[in-house]
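Data first, discussion second: the structure below is written as structure tokens.
Number of protein chains: 2
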Amino acid sequence: MKVLILGGDGYLGWPTAMHLSAAGHEVGLADNYLRRNLCREEDVEPLFAVPNLNERVKRWGRVSGCGLAVFIGDLIHWEFISHVFETFRPEAVIHYAEQPSAPHSMLNRRAAMLTLTNNLTVTANVIFAIKQFSPDSHLIKLGTMGEYGTPDIDIEEGWLDVAHKGRRQTFLYPRQASSLYHTTKIMDTDLLWFYVRTWKLRVTDLMQGPVYGLVTETNRGYPELYPFFNYDELFGTVINRFIVQAAGGYPLTVYGKGGQTRGYLDLRDTLQCIELSLNHPASSGELRIFNQFVELFAVNGLAERIRTVGKSIGLKVDIRSVANPRIEQEEHYYRPASTALLELGLQPHYLSDAVLVEMMEIILRHKDAIDAHKIFRGVKW
Amino acid sequence: MKVLILGGDGYLGWPTAMHLSAAGHEVGLADNYLRRNLCREEDVEPLFAVPNLNERVKRWGRVSGCGLAVFIGDLIHWEFISHVFETFRPEAVIHYAEQPSAPHSMLNRRAAMLTLTNNLTVTANVIFAIKQFSPDSHLIKLGTMGEYGTPDIDIEEGWLDVAHKGRRQTFLYPRQASSLYHTTKIMDTDLLWFYVRTWKLRVTDLMQGPVYGLVTETNRGYPELYPFFNYDELFGTVINRFIVQAAGGYPLTVYGKGGQTRGYLDLRDTLQCIELSLNHPASSGELRIFNQFVELFAVNGLAERIRTVGKSIGLKVDIRSVANPRIEQEEHYYRPASTALLELGLQPHYLSDAVLVEMMEIILRHKDAIDAHKIFRGVKW
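Here the protein sequences come in this chain order: F and C.
For the first sequence, position 15 (counting from the first letter as 1) is numbered 841 according to our numbering, and the numbering increases by one without interruption.
For the second sequence, position 367 (counting from the first letter as 1) is numbered 1193 according to our numbering, and the numbering increases by one without interruption.
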């Protein structure tokens, strides 16, 4: 299948590109290096340097024999995105091309406006490009479990059937997020839902939890093919950050009471979920929503796990509770459903001690590169 | 009170400016003439010419003795909006500054992107300007009843208490609109709700139905102070359009079955609702939502009413059903609540025959200016 990955240089985009090309798909990648530029601007570059996208594609080609089409440019410009769609004519589009950091979106007005404008303009342009150039293609959009927030009732998979005064209606599950970034994902969902109904698009919207990991089937043994790996407060997800902190001798920073519970998944499971979505496309006029995670952890529990596993390989790991810089519930009800992807065939990788040890060992090879200054700044909400 | 009206040149903005200055408030107006420019671009200018905003303010000053501050510029530019807020330091902000037409938002990609970018950037800028320059000021934001769409259960006033699997949660009432324009209003609500919780803003979000009319307490007898009056498919609201069609001998255009039911209100009631909101501000950290309309009509019923009233003053009015160019339900359940504004003291003006006759008589004075070409083009969804 011709699969176009928007944001193909990213932490998820690049492993997806390798995975889908290895599976025999014809893959195109678009990126404008936004994430790399933001990391440089904020002095929070990843743990190890990563070649540019064209160079990565060459290296992957040498390993796999796969050729990938690369389009470098900014998808907020119609001239660029229309060129990409007209040239590549995708049968499926995987849309990761967003400013992906909650703390970055809360840094200041400039960062907030960039997040809002970039994320919504790209999503709107993708919708218009699909309508014009490949109206039957399947859009797989990366949303976030954070769209739901932490309501006091069970989180269902995308939709909620409401009984009210003797009548019933199924709604998009009501969303209320705890950062501007997450709020732009809600707005993306609003936009997609409108155009799905109006133009009969095929859309799968993935409500994904925080991802961890860096080794996948396709890059195992090829460190030059690893995705970039952020361990800072802005772009590092919590498990990745904690492992770097453990390896670097920096206390694990727990915000407030640490009862914040989320649904997590291994990078390899993101790849499975994307592939399952691709192989079982949404129907025309369907907004299909999957909750994409495999197990729940509270931050406290994660910190304890990583302390224990660190100790088993000789690391001394401290845990430090810091005043929560965010406005969020630190203890809350959390019971999200996630059965649809399992029903499609997802085989979860759970967060085993072996997985943690493998990550720690890789990170320890880069121990000298860990810059404590990058780890915690306390970006306030 | 120092009241800043964003979109102060508009169909609602200008009457609001006169009304609040007559009531003793110190009023500032900002506008970039977007609506006027779009009308000229699309060849759908209002029924009669209207002086520019500075000239209108001079004329109103001669009639009333009130002086209003005028800021001409585009609120999507931070340089401009920060200047306005820093100079004027509002105690209340009335935000009408959006591309207000559903059909315009569906015209083409350019119009869609303008609607999306303008509406969301202005709302975000307003939030940031309030935070920086007047954090205690009360934001009164014009939303639309169209945010709710036409669900099969009762529409409550902004919020929905959901019982689910033995637990309860109050959510923003789930929204699903039937145009991009209406969808941008949903996205505005998402954005406001996030920042209300995060920064403790005071916000009143008015879910308003279609407005009709042009005569108010302050402009009665002064036609040069009337708001601009669109009768075209893009910017004319349905009752205003039907009255022009009746006066101009053009059949009333009913889309499809004509069972589309909405909550309507007289322009004078918009002014009352704004003033009531202003005089009873939302609390810090409160997103207060009012459903702003006074009576329900189906399009069919409106057409019949206008035919009958037209006949009473000697007009021969035909009704023509046209294939619905929109994707919307033509027959549906519709039971929206609207008690909060009544409890604050709203005294509704209902759509009486006398109101219709007065409007028709004013429009008949401009009969020669009615351009049949502007009335219906069938902008397709």
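Idealized CB from N, CA, C, for every residue including glycine.
Computed from a predicted structure; not experimentally measured.
Would you mind sorting Ala1163 of chain C into buried or exposed? The rule is 16 or more other CB atoms within 10 Å of its CB. exposed
Contact under 8 Å by Cβ, Arg1058 of chain C with Lys884 of chain C: The question names Arg, yet the displayed sequence has Asp at residue 1058 of chain C. Not closer than 8 Å, so no.
Would you call the CB atoms of Leu860 of chain C and Ile920 of chain C closer than 8 Å? no
Just by C-beta distance, which residues in the segment 996 to 1022 of chain F are closer than 7 Å to chain C? Phe997, Leu998, Pro1000, Gln1002, Ala1003, Leu1006, Thr1009, Ile1012, Met1013, Asp1016, Leu1017, Trp1019, Phe1020
Could you say if the segment 967 to 986 of chain C and the segment 965 to 978 of chain F meet the contact criterion of at least three C-beta pairs nearer than 8 Å? no
Throw me the rounded Cβ distance for the Pro1077 of chain F and Ile1145 of chain F pair, which I believe falls under 8 Å. 6 Å
Counting only beta-carbon atoms, is Leu894 of chain C nearer than 8 Å to chain F? no
With distances taken Cα to Cα, identify the nearest neighbour of Pro1151 of chain F among F:Val1205, F:Val889, F:Glu881, F:His1175. F:Val1205
Verify the CB distance criterion: does Pro1174 of chain C have a CB-CB separation below 8 Å to chain F? no
On the premise that Tyr1052 of chain F lies in contact with Leu1040 of chain F, defined as a C-beta separation below 8 Å, what is that separation, rounded to the nearest angstrom? 5 Å
Which parts of the segment 979 to 1007 of chain C are runs of the beta strand (DSSP E), unbroken and 3 residues or longer, counting only runs that do not cross its ends? 985 to 990, 993 to 998
Report yes if the CB atom of Val889 of chain F is closer than 8 Å to the CB atom of Leu855 of chain F, and no otherwise. no
Taking Cβ positions only, does Trp886 of chain C come closer than 8 Å to chain F? no
Short CB-CB distance (under 8 Å) between Leu942 of chain C and chain F: yes
With 16 other Cβ atoms within 10 Å as the buried cut-off, status of Ala955 of chain C: buried
Could you check whether the segment 988 to 998 of chain C touches the segment 925 to 942 of chain C, counting it as contact only if at least three pairs of C-beta atoms, one from each stretch, sit closer than 8 Å? no
Going along chain F, which residues have a C-beta under 7 Å from Thr842 of chain C? Simply none; closest approach about 27 Å.
Taking only beta-carbon atoms, is Ile1145 of chain F less than 8 Å away from chain C? no
CA-to-CA distance, Asn1066 of chain C to Ala1195 of chain C, given in whole angstroms: 15 Å
Proximal chain C residues relative to Phe954 of chain F, where beta-carbon distance stays under 9 Å: Arg935, Ala938, Met939
Tyr1081 of chain F and Val1148 of chain F look like a contact to me (Cβ under 8 Å); what is the Cβ gap, rounded to whole Å? 6 Å
Hey, would you say Ala1108 of chain F sits closer than 8 Å to Thr1009 of chain F, going by beta carbons? no
Close beta carbons around Glu868 of chain F, own chain, < 7 Å, minus the five adjacent residues each side: Leu1060
Sort out for me which residues DSSP pairs Gln1118 of chain F with in a bridge. F:Gln1034
Can you name the residues of chain F whose CB is closer than 7 Å to the CB of Leu946 of chain C? Leu942, Leu946
If you run the structure through DSSP and keep just helix, strand and coil, what is Arg1152 of chain F? coil
Burial state of Leu1168 of chain F (16 or more Cβ within 10 Å): exposed
8 Å Cβ cutoff met for Leu901 of chain C and Ala843 of chain C: no
Check whether the Cβ atoms of Gly1089 of chain F and Val1125 of chain F lie closer than 8 Å to each other. no
Contact defined as beta carbons within less than 8 Å: I believe Trp1019 of chain C pairs with Leu1113 of chain C. What is the distance between those atoms, to the nearest angstrom? 5 Å
Tell me whether the beta-carbon of Asp1095 of chain F lies closer than 8 Å to the beta-carbon of Leu1172 of chain F. yes
Beta-carbon spacing of Val1143 of chain F, Ile1132 of chain F below 8 Å: yes
Below-8 Å beta-carbon distance, Val988 of chain C vs any chain F residue: yes
What's the gap between the Cα of Leu846 of chain C and the Cα of Glu881 of chain C? 18 Å
Closest by C-alpha distance to Tyr1038 of chain C, when choosing among C:Thr1015, C:Gly1047, C:Leu1097: C:Leu1097
How would you call Glu1187 of chain F, buried or exposed, if buried means at least 16 neighbouring beta carbons within 10 angstroms? exposed
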